[in-house]
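Chains as they are written, first to last, in numbering that gives the first Met the number 0: chain H, 0 to 450; chain Z, 0 to 500.
Heads up, the beta-carbon is just placed ideally off N, CA and C, and yes, glycines get one too.
Owing to the predicted nature of the structure, the values given are computational and were not obtained by experimental measurement.
Taking it in order: structure first as structure tokens, then the write-up.
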Amino acid sequence: MGKHYIPNSAHKGEMLEEIGFSSTEELFSDVPRGVLKEFSLPEGKSEYEVFLEMNRILEKNRTVLEMPSFLGAGTYFHYIPAHVKYLIERSEFLTAYTPYQPEISQGMLQALFEYQSLIGELVGLEVVNASMYDWGSALGEAARMAARFTKKSRFIVPKALSPEKRMTLETYVEGAGIEIEYIPWDEKGQVDIEKLKESVEGAAGVYVEVPNFFGLIEEQVRAIGEIAHDAKALFIVGADPTSLGILEAPGNYGADIAIGEAAFFGNPMNFGGPRAGFFAVRNDKKLIRQMPGRIIGMTKDKEGRRAFVMALQTREQHIRRAKATSNICSNEALVAVAAAIHLATLGPKGLKKLGEVILKNTAYFKKRMGDVGKMPFDGINFKDVPVGFEIPYDVIHERLLERGIHGGYYLGKHFPELGESALFAVTETTRKEWVDGLVSALGEIINEAEL
Amino acid sequence: MEMYRQAKWDEPLIFELSKPGRIGYTMPEPIEDVEVRIPEGLVRKELNLPELSEPEVVRHYTHLSEMNYGVDSGIYPLGSCTMKYNPKINEEIAGHPKVAFIHPYQDERTVQGALQIMWELEQWLKEITGMDRFTLQPAAGANGEFTGVMIIRAYHMDRGDTKRTEILVPDSAHGTNPASAAMAGFKVVEIPSNEQGMVDLDALESALSERTAGLMLTNPNTLGIFEEDILRIAEMVHEAGGLLYYDGANLNGILGRVRPGDMGFDIVHLNLHKTFSTPHGGGGPGSGPVGVKDFLKEYLPVPVVEFDGERYYLNYDLPKSIGKVKEFYGNFSVMVRALVYLKIMGREGLKEAGEIAVLNANYLTQKLKGTRGYGLPHKELRKHEVVFSAEPMKKETGVSALDVAKRLLDHGLHAPTIYFPLIVHEALMIEPTESATKEELDYYVSVLKKISEEAYTEPEKVKGAPYNTAVKRVDDVLATKRPIITWRMYRELREKGEVDF
Numbered sequence: 000m001g002k003h004y005i006p007n008s009a010h011k012g013e014m015l016e017e018i019g020f021s022s023t024e025e026l027f028s029d030v031p032r033g034v035l036k037e038f039s040l041p042e043g044k045s046e047y048e049v050f051l052e053m054n055r056i057l058e059k060n061r062t063v064l065e066m067p068s069f070l071g072a073g074t075y076f077h078y079i080p081a082h083v084k085y086l087i088e089r090s091e092f093l094t095a096y097t098p099y100q101p102e103i104s105q106g107m108l109q110a111l112f113e114y115q116s117l118i119g120e121l122v123g124l125e126v127v128n129a130s131m132y133d134w135g136s137a138l139g140e141a142a143r144m145a146a147r148f149t150k151k152s153r154f155i156v157p158k159a160l161s162p163e164k165r166m167t168l169e170t171y172v173e174g175a176g177i178e179i180e181y182i183p184w185d186e187k188g189q190v191d192i193e194k195l196k197e198s199v200e201g202a203a204g205v206y207v208e209v210p211n212f213f214g215l216i217e218e219q220v221r222a223i224g225e226i227a228h229d230a231k232a233l234f235i236v237g238a239d240p241t242s243l244g245i246l247e248a249p250g251n252y253g254a255d256i257a258i259g260e261a262a263f264f265g266n267p268m269n270f271g272g273p274r275a276g277f278f279a280v281r282n283d284k285k286l287i288r289q290m291p292g293r294i295i296g297m298t299k300d301k302e303g304r305r306a307f308v309m310a311l312q313t314r315e316q317h318i319r320r321a322k323a324t325s326n327i328c329s330n331e332a333l334v335a336v337a338a339a340i341h342l343a344t345l346g347p348k349g350l351k352k353l354g355e356v357i358l359k360n361t362a363y364f365k366k367r368m369g370d371v372g373k374m375p376f377d378g379i380n381f382k383d384v385p386v387g388f389e390i391p392y393d394v395i396h397e398r399l400l401e402r403g404i405h406g407g408y409y410l411g412k413h414f415p416e417l418g419e420s421a422l423f424a425v426t427e428t429t430r431k432e433w434v435d436g437l438v439s440a441l442g443e444i445i446n447e448a449e450l
Numbered sequence: 000m001e002m003y004r005q006a007k008w009d010e011p012l013i014f015e016l017s018k019p020g021r022i023g024y025t026m027p028e029p030i031e032d033v034e035v036r037i038p039e040g041l042v043r044k045e046l047n048l049p050e051l052s053e054p055e056v057v058r059h060y061t062h063l064s065e066m067n068y069g070v071d072s073g074i075y076p077l078g079s080c081t082m083k084y085n086p087k088i089n090e091e092i093a094g095h096p097k098v099a100f101i102h103p104y105q106d107e108r109t110v111q112g113a114l115q116i117m118w119e120l121e122q123w124l125k126e127i128t129g130m131d132r133f134t135l136q137p138a139a140g141a142n143g144e145f146t147g148v149m150i151i152r153a154y155h156m157d158r159g160d161t162k163r164t165e166i167l168v169p170d171s172a173h174g175t176n177p178a179s180a181a182m183a184g185f186k187v188v189e190i191p192s193n194e195q196g197m198v199d200l201d202a203l204e205s206a207l208s209e210r211t212a213g214l215m216l217t218n219p220n221t222l223g224i225f226e227e228d229i230l231r232i233a234e235m236v237h238e239a240g241g242l243l244y245y246d247g248a249n250l251n252g253i254l255g256r257v258r259p260g261d262m263g264f265d266i267v268h269l270n271l272h273k274t275f276s277t278p279h280g281g282g283g284p285g286s287g288p289v290g291v292k293d294f295l296k297e298y299l300p301v302p303v304v305e306f307d308g309e310r311y312y313l314n315y316d317l318p319k320s321i322g323k324v325k326e327f328y329g330n331f332s333v334m335v336r337a338l339v340y341l342k343i344m345g346r347e348g349l350k351e352a353g354e355i356a357v358l359n360a361n362y363l364t365q366k367l368k369g370t371r372g373y374g375l376p377h378k379e380l381r382k383h384e385v386v387f388s389a390e391p392m393k394k395e396t397g398v399s400a401l402d403v404a405k406r407l408l409d410h411g412l413h414a415p416t417i418y419f420p421l422i423v424h425e426a427l428m429i430e431p432t433e434s435a436t437k438e439e440l441d442y443y444v445s446v447l448k449k450i451s452e453e454a455y456t457e458p459e460k461v462k463g464a465p466y467n468t469a470v471k472r473v474d475d476v477l478a479t480k481r482p483i484i485t486w487r488m489y490r491e492l493r494e495k496g497e498v499d500f
């Protein structure tokens with residue numbers, strides 16, 4: 000029953016007596032009798048028994064190490080160098096709270112400052128916060144911030160948006176009365192520029208993703224930024240940070256705010272969480288004042304030595320309460336530090352190589368998949384590739400799973416106009432034999448179906 | 000009295016350690032060297048990341064970790080944060096490849112273990128809180144609060160009760176309560192506390208109206224005091240047509256004994272990273288599950304986890320759902336840790352944890368009470384935490400709560416939460432948790448007494464603290480007056496000669 004975590008269990012009587020209480024019940028004498036209750040819960044177990052039990056439960060999972068998987072759609076299998084995990088499991092990082100006392104928390108503060116700095120370099124913007132919950136909630140916060148900043152209440156996003164992000168965004172903006180407008184994709188699967196021009200008037204912000212949900216690199220991203228700025232809307236770019244070794248920094252093509260998923264670095268998939276949204280803005284005092292989340296700043300101690308501390312806190316809930324820029328308190332600090340360690344490990348050459356390998360692997364995948372499926376859009380894909388089939392995708396999925404392969408993410412549910420298609424994803428972890436195995440399995444499955 | 004020494008490295012920024020040409024990782028080669036042309040204008044031109052080898056990266060972050068204080072370093076009695084010991088077995092299981100290497104969109108048949116963990120965790124949380132259904136999606140307490148107030152909003156809207164635009168929040172509440180309510184579009188109405196440190200019933204009565212959507216309450220509250228009138232409060236809020244929301248930040252104070260559901264609460268959020276021993280990671284990840292009574296379950300975020308007796312599955316079919324407050328299903332690996340803890344503790348263990356947490360807080364209260372300079376406003380009997388006031392000390396010596404906090408650091412003791420709750424001046428909010436030993440509590444009290452002596456004899460010494468930490472007192476005013484947020488900003492300012500550190 001876990002008494003080994005509770006040292007003073009052994010001294011109850013003695014401690015009660017010392018402070019003049021006769022029983023533990025007296026400690027709860029202020030609780031109305033009617034609500035005291037014996038709980039109906041299992042008895043505690045030894046650590047060993049729980050270890051066995053959890054292992055037994057977990058055995059029921061099949062990991063991507065046990066079956067080639069082509070799932071992506073916003074979560075990807077990247078390999079994390081082993082040292083990252085060992086470093087973030089250092090007790091001093093792992094078991095610390097938010098660094099309210101900077102003098103004994105310089106390690107975490109500097110690590111977070113470095114995270115902000117690394118993200119700043121990636122996205123080409125000067126001001127970065129210490130993390131949001133994930134990319135989706137960062138998008139929600141960006142929409143709210145754009146509305147506060149411009150005092151307008153319409154926010155434009157591409158229709159080609161992950162259902163996770165779309166649903167999170169919609170919940171985040173509801174209370175602020177922000178209306179979300181979805182811009183359709185054109186024949187290339189990218190933001191329809193003409194439609195954007197028609198809708199942009201009066202918008203608080205225009206959001207675009209590079210690459211987009213279909214894995215396509217948005218070729219007109221600069222033009223989209225100009226359209227947003229001409230309409231006095233903020234230009235918000237969502238970027239997959241693993242692409243930023245080969246793709247231009249959003250700050251260099253006009254982004255006022257850049258967001259994305261930091262957990263693509265340094266963190267395993269973990270069934271979708273924890274993750275960490277990065278959030279960066281231009282070095283503009285008015286923008287900074289509207290930023291959500293904790294921000295770590297460099298300063299000095301009273302002897303003039305460099306030191307780090309939580310800065311610009313008057314934006315935050317513990318000071319501003321109902322008028323805060325966001326309600327966020329706990330963020331995803333350790334996830335962010337893991338990302339930073341991974342990024343620092345990759346360095347400029349590693350990040351560039353990572354981007355190139357993913358780009359080339361995706362190209363190889365597309366080349367091979369052309370034999371068995373149809374790709375609805377012509378463009379350059381990074382990681383995700385939509386593939387359409389003549390037969391229902393659930394049949395394909397089932398047959399692939401029988402062969403020990405996990406196929407892609409079914410698109411028909413949220414994007415019925417794409418028919419029986421699925422989003423397949425490739426990263427630097429994808430092996431040639433996985434792709435070749437998938438293509439030959441799909442060939443067999445399609446042949447079987449035609450018979 | 001023993002003194003503490005924290006590691007003091009002159010650790011440069013990782014950018015300053017960079018040596019061109021070094022690499023920290025060898026990437027696998029591409030499957031095939033296909034030539035792909037990136038559109039003109041989107042090709043990356045410049046990338047200023049540091050270049051280091053793996054051992055240098057490891058040493059850098061090891062040095063940084065040595066300049067950080069965690070629960071494993073010593074007592075961490077940060078009020079309302081419940082910094083209890085984080086069992087290592089939690090980490091062991093959460094780091095399992097069967098946790099790490101699963102994708103959230105995998106076929107349900109291939110993630111039955113993960114779904115079972117979520118479902119089992121929900122069953123525990125339901126019984127612990129007296130709620131009927133939970134979502135595990137919120138990433139942290141505030142994300143859970145937002146979920147809860149959005150559910151309140153959806154409930155009233157659904158009933159066509161569109162005039163309920165106000166959320167009531169006591170003046171002792173966490174800042175996240177009003178902030179979350181405001182995010183959901185509510186007007187926030189503050190309810191004053193009475194002399195006992197509890198909700199003032201007359202003030203509540205006059206604030207309640209047909210505009211009241213709900214009341215957000217922390218019980219035990221942020222003073223560590225149990226709201227004795229809770230049943231009456233619940234009655235009043237419900238009679239006015241509002242819902243009662245439980246902020247679970249302080250659940251440790253009644254853990255295993257009292258359930259929010261039995262006190263009349265309709266919605267509850269929990270903090271797995273507080274009450275259920277998952278590590279806080281220097282600010283996150285947390286996990287903030289939200290539980291509701293039956294009549295609110297159709298408003299929960301999607302998906303919820305179901306079990307049909309044979310298989311576990313994700314249910315998206317909640318037509319009245321508020322949608323999603325976060326991507327996917329929440330911070331899964333945090334849930335794994337919490338379930339491991341719950342299984343080890345069991346019914347008796349949880350009750351014991353709550354009981355000792357309360358014993359420790361009251362022990363410290365009684366031992367420190369009466370020490371010169373520290374007032375103890377409000378009633379004496381506390382639950383898991385206590386709030387002293389350094390106001391007398393401040394008035395008599397000039398030594399503030401902040402100074403006391405800094406001087407504690409010199410003794411290897413983490414400071415309490417300070418200047419919160421706002422209704423206590425010069426607040427020192429102490430929550431020892433059940434993990435503290437009697438010796439640690441005695442030592443904490445003796446250091447606070449010693450600081451009191453110092454304040455009245457050599458106040459400058461306390462005001463100059465800390466002395467034994469990695470850096471001396473940090474200038475946080477400068478950090479806000481002239482923000483340096485990234486290496487980019489720093490480099491620019493240094494080139495202009497505007498910084499010398």
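I'd like the list of long-range same chain contacts for residue i, defined as Cβ closer than 6 Å, with 5 residues on each side in sequence excluded.
i	result
Tyr489 of chain Z	Ile483
Tyr367 of chain H	The sequence shown places Arg at residue 367 of chain H, not Tyr. If we look at Arg367 of chain H and ignore the five residues flanking it on each side, its Cβ neighbours are Val434 and Val438.
Tyr392 of chain H	Tyr409, Glu419 and Ala421
Asp402 of chain Z	Val461 and Lys462
Roughly how many angstroms lie between the CA atoms of residue i and residue j, to the nearest whole one?
i	j	result
Ile30 of chain Z	Asn360 of chain H	6 Å
Pro183 of chain H	Tyr132 of chain H	27 Å
Thr313 of chain H	Ala323 of chain H	8 Å
Thr161 of chain Z	Trp118 of chain Z	34 Å
Leu12 of chain Z	Pro54 of chain Z	16 Å
Leu254 of chain Z	Gln105 of chain Z	36 Å
Gly402 of chain H	Val335 of chain Z	First, the amino acid is wrong: residue 402 of chain H is Arg here, not Gly. Cα to Cα, the separation comes out at about 30 Å.
Gly159 of chain Z	Gly374 of chain Z	49 Å
Using a Cβ-Cβ cut-off of 7 Å (strictly less than) and excluding sequence neighbours within five positions of residue i, which residues of its own chain qualify?
i	result
Leu70 of chain H	His405, Gly407, Tyr408 and Ala424
Leu108 of chain H	Pro98, Pro101, Ile295, Phe307 and Val308
Below 8 Å between beta carbons: does that hold for residue i and residue j?
i	j	result
Gly285 of chain Z	Leu299 of chain Z	no
Arg231 of chain Z	Glu42 of chain H	no
Gly139 of chain H	Val172 of chain H	yes
Leu243 of chain H	Ile379 of chain H	no
Ser171 of chain Z	Pro465 of chain Z	no
Gly78 of chain Z	Ile429 of chain Z	yes
Val236 of chain Z	Ile150 of chain Z	no
Leu342 of chain H	Leu353 of chain H	no
Val521 of chain Z	Ala212 of chain Z	As displayed, chain Z neither begins before 0 nor continues past 500, which places residue 521 of chain Z out of reach and without an answer.
Ala113 of chain Z	Phe270 of chain H	yes
Leu317 of chain Z	Glu297 of chain Z	yes
Phe307 of chain H	Gln105 of chain H	yes
Thr94 of chain H	Pro278 of chain Z	yes
If residue i sits next to residue j, beta carbons under 8 Å apart, how far is it from one beta carbon to the other, in whole angstroms?
i	j	result
Ile245 of chain H	Glu355 of chain H	6 Å
Gln316 of chain H	Ala178 of chain Z	4 Å
Excluding the 5 residues preceding and the 5 following residue i in the sequence, name in chain order all residues of the same chain whose CB lies nearer than 8 Å to its CB.
i	result
Lys196 of chain H	Ile226
Gly20 of chain Z	Glu50
Ile224 of chain Z	Gln195, Gly196, Met197, His377, Lys378, Leu380, Arg381 and Lys382
Sequence ranges, alpha helix (DSSP H) only - wholly within the region 418-464 of chain Z, length at least 4: 437-456 and 458-462
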